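Protein chains in written order, with the working numbering: chain A, 1055 to 1373; chain B, 35 to 548. The block underneath contains the structure these notes are about, expressed in structure tokens.
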């Protein structure tokens, strides 16, 4: 299956969902407000999925993103961070969230690349530990951002009528596309995912690159935390629950190979949009969220089955 | 064919009916004829040795017997009845068991579970563990290893123990023909003694053993008769071990029907500068104290059997394995550790397993060619794919890589062209030292000459080339100088002209008999 055909399939699925939305929801679905709602709700999953796309393309996995989002949101909304933000400016919150995400990701990276722990286990451990630390810091309380109006002035603005958090998603996705397709970083990522041994023997420093990849994934989790802080005006140790599953699903449905070696940012964005549109269609029709979960499961299985079917056909014709 | 003097053959001819007979077995693979008329006749209670060089077709023959491959032509008779061995289960049901070199035991299961794997003793889906354990104990006792507990996890056993488990599995299926592929290669001398004892006991019970070994001394001790195959054909069958001199065996194994065309050797000038200097290099138990020098314009070949440490020597020089002793110098400067340092210094490795170690199969050819250099073409981290393609195209043309497309996936190339893509990678890089591990493995005969010419041309341009091959004529024909590796040591170092295939084989076989 050529990339064009794959993208065509995803676009088709998305259009199908939109048609269902229009037919069942009518004006409530097609309104500008509803579209920006879909995109706003997609922003966190979307941004984190971009980092996840890199990790999965390299043949890895990052189960800790949801927990890291929670930890970053908590750390960036503690009273001391808020005081600092009041004294020095709103950017303190942003830098704190990004730094927490980056450091958590780098810890994952060190353990995976240099400790040779399987990514699944290392990030599973981080999933548990990061959320635990978030609960400890917050005392399991929701931390509301107060007296940091400049932060909200920036992140709740709507340039051209579109929320800033949606713009962040757009910018991160565009940067991710560029990084994956046009830079040496992206080439290394694909090479390591395609054949780590061949990449190593060609002289690529795969340990260092692996470290960077998990750092990147942590960084996008930090950006996700900033978006959540802006949208919910609070930090919480329950933020990002099951986000790892939503992002992995979006990435894989988008056409990135779970085994590594092939990644597509465009596909990931479409995957994210498909799931958030699906959620929206269910919400505006007041349908049971359990049914929605079932539909989501069906989409995941269907997409992966299709992927494998195409892959096996590809192999059969090319060898 | 060499016929055995019938009078002599009679001495051992107490059981006239052969148990297993193969007649005119042909196995055609796409693009290659692995077997081209093999005859084999195995009698009950004998140790029948199968002899042949690497690539002669021994493994294919074994796989045909084990049901893993279907012969294209020819017939297999068991008790003089034609049989079809459709799959490995059919082989076991016929009483043919195979002990592969890579022991196919499941490490996480117990000894008893391994032995009954695939034919578990069960009633109504519930395994009868105590029965299995009791039978296992009996079989292990018969094999002279009552100390191995049926409940022990196989992963905790040494290689010799795993081999016993493999054998026990064969016996649990009431095997009448046991095929053993280089069983002694993984064993130390004491374990080899025990293995021989077991083989003798099996044959005393009337089981036929087809035994593959490169150790002539072992064949002398253990074997009854020998079949020699070469280039997929039986060249001598049912030779009596006792009556066949070693010289004769080596002559049978080496006399070639396929002639390789090797390029002329221009001769390396005496004053050519040493480029790669390896001194006292060692890697744990794998190889020790290997010293060699490759000069500019010189091709040095490493000859040796599989498992002698050849590939590991290349990989250690390259920094892909961490040496335990010795130094590697490039142009007099000591090489830093790690692959990256070697590549940065201008050393390139074309690995043994092209597909798993060399290529990104689902990426276009040009990205495979520029895998070590794409960062050099890039500016500030931004890829310059135009420059990459141009550099790749230049090499595609220079090496006559076909089809001459930079954008096809590497998967679609033939073995020879995949090898060219790997060479192109290091040419784009500007490597002055090339380490080539089995450069013609999986390359068909026609394309081989092309690869040889290419390697020679690179040397003529001043590259220092170190090449490993399990095909001795290839090493002798291509290299200027040859090191013979046996059991992890260099047992010979001299000009390729001064040694012949026979002498090399002598060296590696004698060396590994210890």
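Beta carbons are placed, not taken as given, at the ideal position from N, Cα and C, and that holds for glycine. Note that the coordinates shown come from a computational prediction; the quantities given were computed from them, not determined experimentally.
When Cβ-Cβ separations below 8 angstroms define contact, residue 392/B makes contact with chain A.
The beta carbon of residue 1097/A does not come within 8 angstroms of any beta carbon belonging to chain B, so the residue lies off that interface. What residue 339/B touches in chain A, judged by beta-carbon distance under 8 angstroms, is nothing: the nearest beta carbon there is about 24 angstroms away. Counting only runs of 3 or more residues that sit fully inside the region 1072 to 1103 of chain A, no beta strand (DSSP E) segment turns up.
Counting along the chain, the unbroken beta strand (DSSP E) around residue 321/B starts and ends at 321 to 329. Between residue 498/B and residue 309/B, the beta carbon gap of about 4 angstroms places them in contact (Cβ cut-off 8 angstroms). Contact check for residue 442/B and residue 477/B: beta-carbon distance about 18 angstroms, past the 8 angstroms limit, so the pair fails to qualify. About 16 angstroms separates the Cβ atoms of residue 60/B and residue 116/B, ruling out a contact at the 8 angstroms cut-off.
In chain order, 1120 place their CB closer than 8 angstroms to the CB of residue 1296/A, counting only its own chain and leaving out the 5 sequence neighbours on each side. In the DSSP assignment, residue 335/B forms a beta bridge with 501/B and 516/B.
Scanning the region 1240 to 1272 of chain A from its first residue to its last, the whole alpha helix (DSSP H) runs of 4-plus residues come out as 1250 to 1255. When the five nearest sequence neighbours on each side are left out, the beta carbons in the same chain lying within less than 6 angstroms of the beta carbon of residue 1148/A are those of 1280, in order along the chain.
Between residue 259/B and residue 80/B, the C-beta gap is smaller than 8 angstroms, which places the two residues in contact.
Interface flag for residue 1241/A against chain B is set, since a Cβ pair is found closer than 8 angstroms. Rounded to whole angstroms, residue 225/B and residue 251/B show a C-alpha spacing of 16 angstroms. With a cut-off of 8 angstroms on Cβ pairs, the region 1260 to 1279 of chain A is in contact with the region 1089 to 1106 of chain A, counting three or more such pairs.
Interface flag for residue 1257/A against chain B is set, since a Cβ pair is found closer than 8 angstroms.
Per DSSP, the continuous beta strand (DSSP E) segment holding residue 63/B begins and ends at 54 to 63. The continuous stretches of beta strand (DSSP E) do not include residue 163/B, which lies in the alpha helix (DSSP H) extending over residues 163 to 176.
Within chain A, 1254 and 1255 have C-beta atoms less than 8 angstroms from the C-beta of residue 354/B, given in sequence order. When the Cα atoms are used, residue 76/B and residue 284/B turn out to be separated by approximately 22 angstroms. Scanning its chain for C-beta atoms nearer than 6 angstroms, with the 5 sequence neighbours on each side dropped, one finds around residue 388/B the residues 452, in chain order. Selection 264/B, 207/B and 189/B evaluated against residue 145/B yields 189/B as nearest (Cα-Cα). Taking a contact to require three or more Cβ pairs closer than 8 angstroms, the region 464 to 476 of chain B and the region 417 to 430 of chain B do not qualify as touching. By the Cβ neighbour-count rule, residue 368/B is exposed, with fewer than 16 other Cβ atoms within 10 Å of its own. Taking C-beta atoms under 8 angstroms as the contact rule, residue 1123/A and residue 1293/A qualify, at a distance of about 6 angstroms. Proximity of chain B to residue 1238/A at the Cβ level (cut-off 7 angstroms) is accounted for by 408, 409, 412, 415 and 417, in chain order. Under the three-state reduction of DSSP output, residue 134/B falls in the coil class, being neither helix nor strand. Sorting 128/B, 519/B and 483/B by C-alpha distance to the C-alpha of residue 326/B places 519/B at the top.
Residue 443/B carries a strand assignment under DSSP once its states are collapsed to helix, strand and coil.
Spatial neighbours of residue 1169/A in its own chain (CB-CB distance under 7 angstroms, excluding positions within 5 residues in sequence) are not present. Contacts with chain B (Cβ-Cβ distance below 8 angstroms) from the region 1284 to 1318 of chain A involve 1315 and 1316, listed in chain order. For residue 1279/A, no Cβ of chain B is located within less than 8 angstroms of the residue's own Cβ. Distance from residue 1094/A to residue 1285/A at the Cβ level is roughly 7 angstroms; contact confirmed, criterion being Cβ atoms closer than 8 angstroms.
Along the region 457 to 477 of chain B, going in chain order, the ones with a CB nearer than 9 angstroms to a CB of chain A are 459 and 463.
With its beta carbon less than 8 angstroms from one in chain B, residue 1245/A belongs to the interface.
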